[in-house]
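Report on the following structure.
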Amino acid sequence: MTKNGFRQIHPDSSTNASNDAPVDASNDESALIAAAQHGDREAFNQLVVHYQSLAYNVAYRVLGDGAAAADATQDAFISAYRAIPRFRGGSFKAWIMRIVTNACYDQLRVKQRRPTTSLDADPDLERQEWNVDPGERPEAYVVRQELGAIIQRGLATLPTEQRACVILSDIQGMSYDEIAETMDSSLGTVKSRLNRGRRKLRDYLTQHGELLPARYRLYDETAGAGGLAHLFALWEVDGALIVLRRGVDRYE
Amino acid sequence: MSRPPSQSQTSGHRYALKRLSSYLDGQLSARERARVQAHLDACPDCRAELRSLRWTQGLLADTPVLPVPRSFIVRQADLEAAPTARALPRFGRALAGLQAVAALVAVLLVLVIAGDLYIGNNPLAGRSEPPIAMLEIKAQEADTVAAQAVPVDGQEPPNLETMQQPEKQPEAVFSAPTDTPTTQPTAAVAVGAATATAPTAASVQPTATPEPTPTWTPRPTHTSTPVGSRAEGTSTQNSPTPTAPEPEATPTPEPRATVEPTATIEPTATIEPTATDTLTPEPTATTEPTEPPPTPEQRKLAAAPTDAPKPEREESVQIESVPEEPGQGGAVPDETLAPPPPPPAPEGRWLGWRIAQATLGVMLAGLVLAIVWLRIKGR
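Here it is, written out as structure tokens:
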């Protein structure tokens, strides 16, 4: 379970081969930022390549719509390029994500005006879009697809700020400080939004537990101790506990 | 597992519930953490809650990552082609300019009307027809003007759009309220808002009106209420109210045309005919029926501005309430607001609203020109 930033960068996500090199060290990042602040678009685009997966995934989870998420992401990076001379240090990640979330809010407003699409993810779309982890077995892949679709529906039930908080924290693994900076709010606000958002999402997921893949269910009425172990597995190192999960599945 | 917590536990229970999420993330202070921990040991419900939150967190962490559908690299073309994000602000600036123009024109309009009234060379002044209704065209202005202005004769049908204004010119003396009463009691017509849709404010008769009181007091009440509310409704928060030429009493704000979307241009200058005996009964009928009563939100908005101008008279307070109650006086209901001002709406409506205001400004400008031209021609 990776908690640091986004978990995967797709090698083919960039069309520009020269931009593929990930930005590893913060030194590199600050150098790129400094260059971008002086109008170096190439430097800025290296930052884009580094952050676009995070940005797009957050936008997708907030908006529940691939096209709108792509628009929001693109708008955000263009805005960021224009605004970067005014970047005054601090967490660049939070700064960029703030622009992204604001772009998402703009998209949501557009959507409210023309409420033709729902926040619910289109299951078919999701199925096509889910990333295939090369190391992931096909069944596991399918299961995760289902999970993603249900999570998306649950997220759609949350108020926007709570949704954004939950996404930044629990899907993207950002720290409280980064989230507070991203959302321009206090730590206390972040905590309370997270608390309410998680509980609300929990309510949704438990109410729709039957839609969840078996291995993700909270506790099956039938599972007993197995369910608890399963929970434990989810919470702890999942690699070591896959076996346990399998056992639970079989038990169920 | 669900045992109701004992009384002694309830406060601790609530305390813990609020913090379980942060507890999960290790974001509590040592003290908070200890207290939550102690409660968890004693409360199976909270343990279950914690477990379910942890479970939720686990699911979220397992949410698959979506591949980026395309590269979001910023190209030169992206910067050159003005994306909507950039285009809008520019457009907004132009709109703001038009809005400012509208506000300015509204002020000019009031000045022109006031000038006419003051000078008193109204061809029409003599003929006072049954003042059908008071036409308050401009809501805001009405407040200011009304207080001092004496209602002269105004009888036009409220449709300002028709531009019948030449007839309207009422001679109201702004400055000296005392004098005014003597003058013909007919309602003064305010020309102000001629814009087609929204601007015209139907005259609303305050409750007070029905009783024809020879005395002054009634007037202030009438004027202020109707106007303010409508004007407000249309415009967003800051309604620039064009002030009449130095009315003593009027606290009216100067018209500020703000660039902000909020900036409203109130087209309507209402000059309310003060209540003269004759007038009072009718006014209600006059206003145009077409317009729907303002939505509650609008009223709220409107209400705020109305208050400010009024301070002079006691009665004003009552007046404010009037607009809200459609039933009163009959007149009230027909307030003409152009398109019912959308309640604070998302940006889309915003834009539409601002465009409407800008359009209104243009129409106002035309109206002023028409009035001036008619005056000149009339002489």
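Chains as they are written, first to last, in my numbering: chain A, 4 to 255; chain B, 705 to 1083. Just so you know, even glycine gets a beta-carbon here, dropped at the ideal spot from N, CA and C. The structure presented is a predicted model; accordingly, all values stated were derived computationally and were not measured.
(request) Would you mind sorting Thr1082(B) into buried or exposed? The rule is 16 or more other CB atoms within 10 Å of its CB. (result) Note that residue 1082(B) is Gly in the sequence shown here, rather than Thr. Residue environment analysis places Gly1082(B) among the exposed positions, since fewer than 16 neighbouring C-beta atoms fall within 10 angstroms of its C-beta.
(request) With a threshold of 16 other CB atoms inside 10 Å of the CB of Leu1073(B), please say whether the residue is buried or exposed. (result) A residue is called buried once 16 or more other Cβ atoms fall within 10 Å of its Cβ, and Leu1073(B), having fewer, is exposed.
(message) Among Asp180(A), Glu213(A), Leu171(A), whose alpha-carbon lies nearest the alpha-carbon of Leu764(B)?
(response) Out of Asp180(A), Glu213(A), Leu171(A), Leu171(A) has the C-alpha closest to the C-alpha of Leu764(B).
(request) Return the chain-ordered list of same chain residues with a C-beta closer than 8 Å to the C-beta of Thr76(A), the five sequence neighbours on each side being excluded. (result) Gln55, Ala58, Tyr59, Ala62, Val103, Ala106
(message) So Ser56(A) contacts chain B; which residues on that side make the cut at Cβ distance below 9 Å?
(response) Chain-order list of chain B residues neighbouring Ser56(A): Val769, Leu770, Pro771, Val772, by C-beta distance under 9 Å.
(request) Report the three-state DSSP secondary structure of Gln175(A) (helix, strand or coil). (result) coil
(message) Assuming contact is defined by CB atoms lying nearer than 7 Å, are Ala806(B) and Leu1055(B) in contact in what I supplied?
(response) no
(request) Inspect the beta-carbon positions of Ala1062(B) and Gln803(B) and report whether they are closer than 7 Å. (result) Going by C-beta atoms, Ala1062(B) is nearer than 7 Å to Gln803(B).
(request) Specify whether the segment 142 to 155 of chain A and the segment 732 to 742 of chain B touch according to this definition: at least 3 beta carbon pairs, one from each stretch, less than 8 Å apart. (result) no
(message) Quick check: the Cα distance between Pro773(B) and Gly200(A), rounded to an integer number of angstroms?
(response) 28 Å
(request) Can you pull the chain B residues whose beta carbon is under 8 Å from the beta carbon of Leu59(A), in chain order? (result) This sequence places Tyr at residue 59(A); Leu is not what is there. Simply Leu770, Val772, Pro773, Phe776.
(message) Rounding to the nearest angstrom, what Cα-Cα distance links Tyr108(A) and Arg101(A) in this structure?
(response) 11 Å
(message) Rounding to the nearest angstrom, what Cα-Cα distance links Glu184(A) and Asn198(A) in this structure?
(response) 18 Å
(request) Compare the C-alpha of Ala800(B) against each of Val1066(B), Gly1070(B), Thr767(B) and name the closest. (result) Ranking Val1066(B), Gly1070(B), Thr767(B) by Cα distance to Ala800(B) puts Val1066(B) first.
(message) Taking the straight line between their C-alpha atoms, what separation do you get for Leu783(B) and Pro768(B)?
(response) 32 Å
(request) Within the same chain, show all residues whose beta-carbon is closer than 8 Å to that of Asp729(B), passing over the 5 residues directly before and after it, in chain order. (result) none
(request) State whether the segment 78 to 90 of chain A contacts the segment 160 to 177 of chain A, with contact taken as three or more CB pairs (one from each stretch) at a distance under 8 Å. (result) no
(request) Answer with buried or exposed for Val65(A), where buried requires no fewer than 16 other C-beta atoms within 10 angstroms of its C-beta. (result) buried
(request) Please state if the CB of Phe95(A) and the CB of Ile36(A) are separated by a distance shorter than 7 Å. (result) yes
(request) Give the interface partners of Lys722(B) over in chain A, defined as CB-CB distance under 7 Å, in chain order. (result) For the C-beta of Lys722(B), the chain A residues within less than 7 Å are, from N- to C-terminus, Asn198.
(request) Within its chain, find whatever has a CB closer than 7 Å to the CB of Gly1070(B); leave out the 5 residues flanking it on each side and keep chain order. (result) none
(message) Would Ala73(A) pass as an interface residue toward chain B - the criterion being a Cβ-Cβ separation below 7 Å?
(response) yes
(message) Give me, in chain order, the residues of the same chain whose beta-carbon lies closer than 6 Å to that of Pro162(A); leave out the 5 immediate sequence neighbours on both sides.
(response) Correct list: empty, nothing qualifies.
(message) Quick check: the Cα distance between Gly92(A) and Gln40(A), rounded to an integer number of angstroms?
(response) 11 Å
(request) Determine, using beta carbons only, whether Val809(B) and Ile1075(B) come nearer to each other than 7 Å. (result) no
(message) Could you tell me the alpha carbon to alpha carbon distance between Thr968(B) and Ile1059(B), rounded to whole angstroms?
(response) Caution applies to Thr968(B), whose pLDDT of 40 falls short of 50 and renders its modelled position unreliable; the model cannot decide the point.
(message) Quick check: is the beta carbon of Thr1063(B) nearer than 7 Å to any beta carbon in chain A?
(response) Thr1063(B) is outside the set of residues whose beta carbon lies under 7 Å from a beta carbon in chain A.
(request) Check whether the Cβ of Gly191(A) lies closer than 7 Å to any Cβ atom in chain B. (result) No - not a single Cβ of chain B is within 7 Å of the one on Gly191(A).
(request) Work out the CA separation of Gly42(A) and Ser725(B) for me, nearest whole Å. (result) 43 Å
(request) Within its chain, find whatever has a CB closer than 6 Å to the CB of Arg220(A); leave out the 5 residues flanking it on each side and keep chain order. (result) Closer than 6 Å at the Cβ level, and outside the excluded window around Arg220(A), lie Gly212.
(message) Please report the straight-line C-alpha distance between Ala746(B) and Arg147(A), rounded to a whole angstrom.
(response) 36 Å
(message) Using only the alpha-carbon positions, how far apart do Asp68(A) and Pro771(B) sit?
(response) Rounded to the nearest whole angstrom, the C-alpha separation of Asp68(A) and Pro771(B) is 14 Å.
(request) Let me know the secondary structure DSSP gives Glu255(A) once reduced to three states. (result) Here Glu255(A) scores only 47 on pLDDT, less than 50, and its place in the model should not be relied on; the value that follows carries that caveat. Three-state result, Glu255(A): coil.
(request) Take the Cβ of Asn30(A) as the centre, count every other Cβ of all protein chains shown within 10 Å, and call the residue buried at 16 or more, exposed below. (result) By the neighbour-count rule (16 or more Cβ atoms within 10 Å), Asn30(A) is not buried but exposed.
(request) Label Gly191(A) either buried or exposed according to how many other C-beta atoms from any shown protein chain fall within 10 Å of its C-beta, with 16 as the threshold for buried. (result) Residue burial annotation: Gly191(A) is exposed, with fewer than 16 other C-beta atoms found within 10 angstroms of its C-beta.
(request) Output yes if chain A places a C-beta closer than 7 Å to the C-beta of Ser725(B); else output no. (result) yes
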